[in-house]
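Chemist:
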Amino acid sequence: MLSIANVSAAQAENYYEADDYYTRDLDDVDTGTPSATWYGKGATALGLTDDFNQSTFQQLLHGEGPNGESLHARKIDPDHHRAATDCTFSAPKSVSIAALIQGDTRVLAAHDQAVRTALSILETRYAQTRIRRPQRERKRVTTGNVVAAIFRHETSREQDPQLHSHCVLINATQLDNSQWRSLSNEAIVAHQKLLGEIYQNELAYQLRHHGYDITPTATGQFELTGYGPELLNTFSTRTQQIETYLEKWEQKLTETGGAPLHRSQQKQATLDTRRRKTTVPRSLLLTGWAETIQAQGLNLPEVPTQDIDLNQTSQTAAHAAATLGLDHAAERESVFKQAKAERFALEHGLGQQSFADLHQALRHHPNRIVIDDQWLTTHTALERERETIQMMVGGQGQVDPIATPEEVNQRLSDALSLTPGQREAIWLSATTCDRIIAWQGVAGSGKTHSLNLYARIAQDQGHDVTGYAPSAQAANVLHQDTGIPTNTVAHLLHTPDPDPSQFKHSSTKFPIWIVDEAGLLSAKAAHTLLQKAEVHQARVVLVGDTRQLSAVEAGNPFKSLQEAGIQTAILNQSRRQQTEALKTAVHHIAQGDIPTGLQQLDEAGFIQTVPLADRVSALAQDYLSLTPAQRKKTLILSGTNDDRLAITQKLRHALQQEGRLECDLFTLQSLRPKDLTQAQARYVSHYAIGDVIVPVRNYPRHGLERHQRYTVTAIDPTHNHLILQAPDGQTLTFNPVHCAKKTSYRIQQLPIAIGDQLRWTRNDRDLGIRNGQQFTITALNDQGQAQILTADGTARSLNLRGHHYIDYGLVSTTYSSQGKTAERVLVAADSTLTQEAFYVAVSRAKRHLTLYTPNKDDLLRIAQRSRANQNASDYLSLYQVTHHGQTPQTPTSTPNRRDDGRRIGERLARQLTTALRRDSRAENPASCLAQSTDRLAASLDSGAATASKTRQSSDSTVPELTRQFAAALRHRRQQWLLTQQDRQWYEHYAAQQPPEQPYHQDQMIVHQYLQEHCGHQGQPTQAQRRQAARILFQGPLARQLRQQEGRTAAVEYVKQQVNAVMQQRMHMRQQQRYVGVDIER
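Shown next, in the form of structure tokens:
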């Protein structure tokens, strides 16, 4: 375990120095290794290579080097100066017993090595300082050096054996120019858990090497096998003191109605119960510990004496752990921090591999792509995004328009209330020749209303129109607004595809799929959706807003497709807000101008500043002041589910006092999804007793039936087993690795009363229930028998005891509110707010809005943080990627600005071409192009936007630039189509070849191609040889060479293969000529 605390100069004077906290018990320690040492490249630069010196340590705490030199760029204030950061690495209790009571010095050495392994990562990655840029901005830079003193202590304040090391990081670090600066510890604190897990893993690995067995604990740490709970508790006096203190504190809070303890209060308990540490001679400690063990009749396990070679197993385990870490990180983010993959690998492979082996396994993993020194993506993500774009590009210009321009104009002439953006969207969708198009519209721009007219036009032309959305609630809204049949995207993706042969008919009336809230599609879902559309030969209209919330899973395909040139209609006029103040503010926020939008909301009185503790009460009071009719038109939003439940309970209590909600009569056992990644769901450490597991398919070998609920009754972390109770009471032992398709839930106790507003959290087609649908309890008894009234006025009876997929519906999270509209919106703003969530929250309101925040400045800061899902193409070109996982060394150079410019140029070209195709009626292409360029420039960073402006041409030159861009894009598209054709040829020939080594197979393919086109005796033309080379260039071996060694190596390989085949054909012709001569003779 790792704990981190700042050490101020005042503390150094009044506490640490007065008590000699770090050095007071070092003289009594005789373990063969020094208990106080200097550490770090910064320490070496200061000449601190000799034995530890306390006076030098005190100088460093006051910001001075050994020779009195200042270690800071400016004079420091002793009263506010952070003298150092104390990183304390603590060993598990069983490790302390083995090292200190049983006297195994190998354990002490293992602890010291584990500490240094963690410190080496801290120093290399997270040692930083702040420097001031010429623009007066301060930026954190990594220096890669620290000045540290390591003090190993071996007892707790209660004189229990407690092996731990204080690593005191002096507030100083050195720049490349040899200047000293203050150490910025933000990155160290942010990666506290990773550094602690590195220590735990390295300690466990070294102990396994020395013959110890380890047993993982529920807290993610470990104990040595054989050291029982009674022995551990005997020497855990401090832990028992803290736990007793917390129990009394929580009991007092419960009695007074206070809120549960949060993490900072739990840390305070450690300080409140801490006594001054005293010094006891080591001999007396050993005698006392031995007498305690004897008095309580405890037994110590035998100390292993035989070391075990773990090198081979470590490398195998490291590769498996690296794969799982990457899978876990990449499931929710296309671009993720390396530390996220490392943490998961360490948590679930504790002690099975050294950190050095894990680092190498990640570094050379074939699915890993390095973006910079901290950020990664995967080849899977890159290929998925590339293929999604290729499917869109491949469908451009491939279908006939649904209707003629005259027919569409006639229909639009009857719709006088449409905005120009709505008209453009309908016109584009009906007249386009592209199979896949997009509608990009701001919140409240009337996208679904416009889809109604578009769907009628398509249906009148004989097309089947079906709507889909990522959520059941959004699909239901789409159905209500358009009248077309709708379903969820998930239902479409899990529906088996019919036989493709039935699509081979002469009719051109192919189906049309409208996908609403397309911004919530993940990369995986969008990729599968477009693949399915190709099978069904369906047109696809993607409707959404890139500025609103993204998918829970990885990727932002709606944004990626727009940047790649999908034909896009722009709806930028919101029709939702009915007051000028709200309309203007939301417009600025939609354009990314958060400061102006927030200022206008404040001036209009829409922001209420209340202390954090009073935020829920203030919101509840405002809600209760409304009339019942106003409440029905009010939407209450929170950032998290925990906040949602807290607000709900506050409102329910007030409504019961008001008499509008009766007393609780029944407690519902609601199931709340745990939202585990697939990698997490494999390990029992992510489950708790009482959790419920529901398989989505039958697993007869394990006794699990589809859609049945199995309750976790016990957990066996050693064997990764869950003990389950089946619905019939039978007990099952189950390894979650063997049941991949399952959903896990935690039980949530929901008190229910007459008048409660509830909502379904899962579809039930047999009962006609849709996820997200709300209903009200109109009658209820204590057995759960209820009468309910749905939102559409339908009354029905049901027994709540048999329904577990239900939750309160009075308050919504911001994420679930996307797509909703209300007269009045009350928002409990908290630290989870992001730019996208802020935009969604404020844009739900038609007339009234109230934001509850403790601090307006903090609200402005967090409302400008974007947390939109990223794509691999945001950082890398989709068509030229270095395979870092298989190269011997990852490049360490800084990003090349020319590369950034190239990527921006590619996107600009695609945007300009899209603008040309967007509206063939445009009389002024230059104006259309200028609008598209402005939208693109607004989405780029300031540096790229500046570069874009310097390249802008006058209106007279825009058409010529456009012609050149369009010609280049046509050429590129033609090249892509030829490449696809060459790849299909390769696959066609490869399927006819017997299994061979790749280079043998490549030669056979060239042979077959040339034989088909010029026979055995014919001499291939230059064009035929070039075509054979192009086909071979699409083979796996050539692609691998391109990824690893570059295009030149792949071209050289292809040339060699074709030349080899030509020589073989020449030799065969000569042999046949000789045979012919012999026969004639």
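When we follow my numbering, the leftmost residue of the sequence shown carries the number 214, and every step to the right adds one.
Note that CB positions come from ideal geometry on N, CA and C, so glycine has one too.
Name the DSSP bridge partner or partners of residue 298?
Modeler: DSSP, once it has assigned bridges, lists 219, 382 as partnering residue 298.
Chemist: Hey, out of 407, 550, 687, 1243, whose CA is closest to residue 156's CA?
Modeler: Outside the displayed range of the chain (214 to 1294) lies residue 156, so it cannot be described from this structure.
Chemist: How many whole angstroms separate the CB atoms of residue 385 and residue 396, which I take to be in contact at a CB cut-off of 8 Å?
Modeler: Indeed they touch by this definition, with Cβ atoms about 6 Å apart.
Chemist: Taking the DSSP output, what are the residues bridged to residue 700?
Modeler: DSSP lists 681 as partners of residue 700.
Chemist: Can you name the start and end residues of the beta strand (DSSP E) that residue 541 belongs to?
Modeler: Careful: residue 541 lies outside any beta strand (DSSP E), inside the alpha helix (DSSP H) at 524-545.
Chemist: So, under 8 Å CB-CB, residue 450 and residue 373 are touching, yes? Tell me the CB distance rounded to an integer number of Å.
Modeler: Yes, they are in contact, since the Cβ atoms of residue 450 and residue 373 sit about 5 Å apart, within 8 Å.
Chemist: Can you tell me where the alpha helix (DSSP H) holding residue 857 begins and where it ends?
Modeler: Note, residue 857: alpha helix (DSSP H), 854-871.
Chemist: How many whole angstroms separate the CB atoms of residue 1039 and residue 1063, which I take to be in contact at a CB cut-off of 8 Å?
Modeler: Yes, they are in contact, since the Cβ atoms of residue 1039 and residue 1063 sit about 5 Å apart, within 8 Å.
Chemist: Taking 8 Å as the cut-off, decide whether the C-beta atoms of residue 365 and residue 216 are in contact.
Modeler: No, the pair does not count as a contact, with Cβ atoms beyond the cut-off.
Chemist: Expressed to the nearest angstrom, what Euclidean distance is found between the alpha-carbon atoms of residue 159 and residue 339?
Modeler: Lying before the first or after the last residue shown, residue 159 is absent from the chain, which here runs from 214 to 1294.
Chemist: Name the DSSP bridge partner or partners of residue 355?
Modeler: Residue 355 is bridged to 341.
Chemist: Which full runs of the alpha helix (DSSP H) of 4+ residues lie inside the region 257-322, going along the chain?
Modeler: With a minimum length of 4 residues, the continuous alpha helix (DSSP H) runs that stay inside the region 257-322 are 267-274, 306-309.
Chemist: Considering only their Cβ atoms, is the gap separating residue 671 from residue 615 smaller than 8 Å?
Modeler: In this structure, residue 671 lies closer than 8 Å to residue 615 by Cβ.
Chemist: Buried or exposed, going by whether 16 or more other CB atoms sit within 10 Å of the CB of residue 1306?
Modeler: Here the chain covers residues 214 to 1294 and nothing more, so residue 1306 does not appear.
Chemist: Should residue 997 and residue 1013 be called a contact, given that it needs their Cβ atoms to be closer than 8 Å?
Modeler: A contact, by the Cβ cut-off of 8 Å.
Chemist: Can you check the region 601-651 for any alpha helix (DSSP H) of at least 4 residues that lies completely inside it and give the ranges in chain order?
Modeler: The region 601-651 contains these whole alpha helix (DSSP H) runs: 618-626, 633-644.
Chemist: Please report the straight-line C-alpha distance between residue 768 and residue 757, rounded to a whole angstrom.
Modeler: Near 15 Å, if we compare the C-alpha coordinates of residue 757 and residue 768.
Chemist: Identify, in the order they occur along the chain, each residue of the same chain with its Cβ nearer than 6 Å to the Cβ of residue 309, setting aside the five sequence neighbours on each side.
Modeler: Same-chain partners within the cutoff: 374, 375, 376.
Chemist: Is the region 689-706 in contact with the region 635-648, if contact means three or more CB pairs nearer than 8 Å?
Modeler: Short answer: they don't touch.
Chemist: Rounded to the nearest angstrom, what separates residue 723 and residue 710 at their Cα positions?
Modeler: Answer to the nearest angstrom: the Cα atoms are 16 Å apart.
Chemist: Ends of the beta strand (DSSP E) at residue 395?
Modeler: Unbroken run through residue 395: none, as it is neither H nor E.
Chemist: According to DSSP, residue 446 sits in a beta bridge with which residue or residues?
Modeler: Paired residue(s): none; residue 446 is not in a bridge.
Chemist: Given a cut-off of 8 Å, decide if residue 783 and residue 752 are closer than it, judged by their beta-carbon atoms.
Modeler: Their beta carbons are not under 8 Å apart, which means residue 752 does not touch residue 783 by this criterion.
Chemist: Return the chain-ordered list of same chain residues with a C-beta closer than 6 Å to the C-beta of residue 1047, the five sequence neighbours on each side being excluded.
Modeler: Excluding positions up to five away in sequence, the list reads 1078, 1080.
Chemist: For residue 1088, name the three-state secondary structure that DSSP assigns.
Modeler: Residue 1088 falls in the coil class under three-state DSSP.
Chemist: Let me make sure I understand the geometry here. Which of 588, 791, 438, 836 has the alpha-carbon closest to that of residue 1023?
Modeler: Of the listed residues, the one whose Cα sits closest to residue 1023 is 836.
Chemist: Alpha carbon to alpha carbon, what distance is there between residue 906 and residue 886?
Modeler: Taking the straight line from one Cα to the other gives about 10 Å.
Chemist: Pull up the CB-CB distance for residue 732 and residue 763, whole angstroms please, since I reckon it's below 8 Å.
Modeler: Confirmed, about 6 Å.
Chemist: Out of 344, 437, 677, 535, which has the shortest C-alpha to C-alpha gap to residue 392?
Modeler: Of 344, 437, 677, 535, the residue nearest in Cα terms is 344.
Chemist: If you reduce the DSSP assignment to three classes, tell me which class residue 369 lands in.
Modeler: Residue 369 falls in the coil class under three-state DSSP.
Chemist: Just to confirm, are residue 311 and residue 324 a CB contact at a threshold of 8 Å?
Modeler: Contact flag unset, no.
Chemist: Per DSSP, what kind of secondary structure is residue 890 in: helix, strand or coil?
Modeler: Coil at residue 890, not helix or strand.
Chemist: Would a C-beta distance cut-off of 8 Å place residue 1002 and residue 991 closer than the cut-off?
Modeler: Result yes, Cβ atoms of residue 1002 and residue 991 sit closer than 8 Å.
Chemist: Note down the Cα distance separating residue 295 from residue 219, rounded to an integer number of angstroms.
Modeler: Rounded to the nearest angstrom, the two C-alpha atoms are 7 Å apart.
Chemist: Give me, in chain order, the residues of the same chain whose beta-carbon lies closer than 6 Å to that of residue 659; leave out the 5 immediate sequence neighbours on both sides.
Modeler: Taken in chain order, the residues that qualify are 635, 788.
Chemist: Out of 676, 662, 745, 666, point me to the one whose CA is closest to residue 703's CA.
Modeler: Comparing Cα positions, the closest option is 745.
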